[in-house]
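Trainee:
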Amino acid sequence: MNVFAAAAETAERNNPILNIAIFGAFVAVTLFIVIRASRNNKTAADFYAGGRSFSGTQNGFAIAGDYLSAASFLGICGAIAVYGYDGFLYSIGFLVAWLVALLLVAELMRNTGKFTMADVLSFRLKQRPVRMAAAISTLVVCFFYLLAQMAGAGGLVALLLGVTDQIGTAAVVTVVGVLMVGYVLIGGMKGTTWVQIVKAFLLIGGAVIMTIWVLAIQGVDLFSAAVEASQNQTYPESAKALGDAIAGGASVLDPGLQYKNPLDFLSLGLALVLGTAGLPHVLMRFYTVPTAKEARKSVVWAIMLIGGFYLLTLVLGYGAASLVGAGTILTAPGGVNSAAPLLAQALGGPVLMGIISAVAFATILAVVAGLTITAAASFSHDIYNGVVKRGTATEKQERKVANITILVIGALAIIGGIAVLGQNVAFLVALAFAIAASANLPTILYSLFWRGFTTRGAVWSMYGGLIAAIVLIALSPVFFGGPTSVLKTGEGTAIFPLSNPGIVSIPIGFLLGWLGSITSKGSEDPRIAAEMEVRSLTGHGAEKAVHH
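Printed below as a string of structure tokens:
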């Protein structure tokens, strides 16, 4: 039996009405959860941090739900299916990153903080400049991360409904954006957290079922079947270089199919491993638990769930390569991001495809809600209350500004999501990781571990790392580099040759933090630095900060 012919035939039988029905059921259930959870949203702590009422286990599932985004499921499966070894680097990088977050950041951040990253950074430094820099950095990272989710959602729903034209896909992205805004406005952090917990169960469960199914069909011959299938494919014009490489004897088990330049490979790895500890929406999850012990427990749970899931992506990716084929994936609506739904279709027909796609859609909604609430908290709590109102705003005023921010972010995410349609979502998320690692991580580590760190160091580090990362991305093949780039230009026009800026922008962030601090020695109060060190290590006084 020709599996490619079977996959094409199944694609013909794809049933948009069935898919919309399954989608509608998922959206209705998750909205019900959000509305139920939102009944207890009375204070800012409830809205931003879920009232700190979640246990370590619940928060571990929520972190997994927050972290296992469209990039993890759609992007990585697609990257492995099409590029093999190079795609698996995303899985390894995303997982190893958690060890950095656990060992260096999680508990210390929880012990010092209230709601946002800026609360921690401004504890021992001058409030207004640090809050402003941290909030701007948070908003930019959240925006780039949102772009990836919106691109994934657009491609996914386009595949399900058989929408191939630009206007139809843009309409799909708009609907996703409107739904996302509704979730966050209604539910706050509590509603978002419960959606993330439910989604983590569904996503990991769905991945386990598909993995067992793939192994039952292919068994231990999975990798050789994937290699053989990749050589029997017809690649679209947009993937000409990939088709030529495979025709020339390259294999999906060899490195270098996607990243020809070893420096590009290294830059991506650096961004993935160091980025998680600087992601604002992941850091914010540590404030939703009552104690430091529960924060530790939640990260241990998250690592187990996330680690298990990333092992499954290897089977799902190569399963998609062998049962669907890289050429079929690249020519489908949604492109490389359609590998997991197409694999579900090849295994269980339109019903399984509808269910897995609905789970992926719930994944996107949950992650997008988490990102949006982080960005809204950062703007209303840090910029509006901390900088504009100098800490005098009432909770009601803060919530109102947060709600307006959510609407603005929703609109920007829709516009940006339409612009990046067709890009691999794992690749887009890697850009957000590079910005987080360049702008946020140096400042967080210096604040927690170096008493000599100053306000000037923090501001230089955050703005410098942020600007360096964004400028390099704007000059890179992401914007100028062939038919899949954002500006859809010809080949060979990128000024900065690497697709990910991490290898250059991360050291710039660390260097500027050090340089700014040594040129402004003696400007900070050493007693506050000592108090922060004691609090971060012991948690002493953290509860007082929470209720303050």
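The C-terminal residue of the sequence shown carries number 1190 in the numbering used here, and the numbering is unbroken. The beta-carbon is built from N, C-alpha and C at its ideal position, and this holds for glycine as well. Remember, predicted model here, so these are calculated numbers, not experimental data.
(1) What did DSSP end up calling Tyr709 once you bin it into helix, strand or coil?
(2) Determine the extent of the alpha helix (DSSP H) in which Tyr901 is found, giving its start and end residues.
(3) Count the CB pairs spanning the stretch 794-809 and the stretch 1011-1025 that are closer than 8 Å, and state whether there are at least three.
(4) Starting from Asp728, follow the alpha helix (DSSP H) in both directions and report where the run begins and ends.
(5) Please report the residue range of the alpha helix (DSSP H) in which Trp1092 lies.
(6) Rounding to the nearest angstrom, what Cα-Cα distance links Ile1057 and Val942 in this structure?
(7) List the endpoints of the continuous alpha helix (DSSP H) containing Gln875.
(8) Does the count of Cβ pairs from the stretch 833-842 and the stretch 1001-1015 closer than 8 Å reach three?
(9) If we call anything under 8 Å between Cβ atoms a contact, is Asp906 one with Leu1140?
(10) Here's a check: name, in chain order, each residue in its chain whose Cβ is nearer than 6 Å to the Cβ of Ala776, leaving out the five neighbours to either side.
(11) Give me the residue from Phe1138, Val869 and Ala739 with the minimum Cα distance to Ala1111.
(12) Residues in its own chain within less than 6 Å of Gln900 by CB, not counting five upstream and five downstream?
(13) Return the CA-CA distance between Pro1119 and Asn1142, expressed in angstroms with no decimal places.
(14) Would the stretch 1002-1010 and the stretch 836-845 be scored as touching if the rule is three or more Cβ pairs under 8 Å?
(15) According to DSSP, is Lys1163 part of a helix, a strand, or is it coil?
(16) Alpha carbons only, please: which of Leu1049, Phe1091, Ala706 and Gln838 is nearest the one belonging to Ala827?
(17) Where does Pro904 land, buried or exposed, given buried means 16+ other C-beta within 10 angstroms?
(18) Starting from Asp761, follow the alpha helix (DSSP H) in both directions and report where the run begins and ends.
(19) Assign Gly593 to one of two classes, buried (16 or more other C-beta atoms within 10 Å of its C-beta) or exposed (fewer than that).
(20) Which of the three DSSP states, helix, strand or coil, is assigned to Pro1149?
(21) Between the alpha carbons of Val1146 and Tyr1105, how many angstroms are there, rounded?
(22) Can you name, in chain order, every residue of its own chain whose Cβ lies under 7 Å from the Cβ of Cys784, other than the five neighbours on each side?
(23) Quick one: measure Cβ to Cβ for Leu660 and Pro992, integer angstroms, because I've assumed they're closer than 8 Å.
(24) Does the separation of the CB atoms of Asn657 and Thr930 fall below 8 Å?
(25) Round the Cβ separation of Gly969 and Gln875 to the nearest angstrom and send it over; I've been treating them as touching at under 8 Å.
(26) Less than 8 Å between the CB atoms is what I'm expecting for Lys768 and Thr1047, so what's the real figure, rounded?
(27) What separation, rounded to the nearest whole angstrom, lies between the Cα atoms of Gly976 and Val1062?
Mentor: This is what the structure holds:
(1) Looking at Tyr709 - three-state DSSP - the assignment turns out to be helix.
(2) Per DSSP, Tyr901 belongs to no alpha helix (DSSP H) and is neither H nor E.
(3) Flag = no, the stretch 794-809 and the stretch 1011-1025 do not touch.
(4) If you look at Asp728, you'll find it in the alpha helix (DSSP H) that goes Tyr727 to Val742.
(5) Segment: none, Trp1092 is in no alpha helix (DSSP H) and carries neither H nor E.
(6) Within the model, the alpha-carbon separation for Ile1057 versus Val942 is close to 37 Å.
(7) Gln875 -> no alpha helix (DSSP H), and no H or E assigned at all.
(8) The stretch 833-842, when compared against the stretch 1001-1015, does touch it at the 8 Å Cβ threshold.
(9) Cβ atoms of Asp906 and Leu1140: closer than 8 Å.
(10) Sequence-distant partners of Ala776 (beyond 5 residues in either direction) whose C-beta falls short of 6 Å from its own C-beta, in its chain, are Met759, Ala760 and Leu763.
(11) The shortest Cα separation from Ala1111 among Phe1138, Val869 and Ala739 belongs to Phe1138.
(12) Same-chain partners within the cutoff: Tyr725 and Asp728.
(13) A straight-line Cα-Cα distance of about 9 Å links Pro1119 and Asn1142.
(14) In short, these stretches touch, since the Cβ pair count reaches three.
(15) The answer is coil: DSSP assigns Lys1163 none of H, G, I, E or B.
(16) Sequence check: residue 827 is Leu here, not Ala. The option with the nearest alpha carbon to Leu827 is Leu1049.
(17) With a 10 Å radius around the Cβ and a threshold of 16 neighbouring Cβ atoms, Pro904 comes out exposed.
(18) First-last of the alpha helix (DSSP H) with Asp761: Met759 to Leu763.
(19) A question about residue 593 goes unanswered here, because the residues of the chain that appear run from 643 up to 1190.
(20) Under the three-state reduction of DSSP, Pro1149 is assigned to helix.
(21) Their backbone Cα atoms lie some 15 Å apart in a straight line.
(22) Pro922, His923, Leu1013, Thr1016 and Ala1017.
(23) About 6 Å separates the beta carbon of Leu660 from that of Pro992, a gap short enough to meet the 8 Å contact definition.
(24) The Cβ atoms of Asn657 and Thr930 lie no closer than 8 Å to each other.
(25) With a contact defined as Cβ atoms closer than 8 Å, Gly969 and Gln875 qualify at about 4 Å.
(26) Taking the Cβ atoms as the reference, Lys768 lies roughly 24 Å from Thr1047, outside the contact range of under 8 Å.
(27) In a straight line, the C-alpha of Gly976 is about 11 Å away from that of Val1062.
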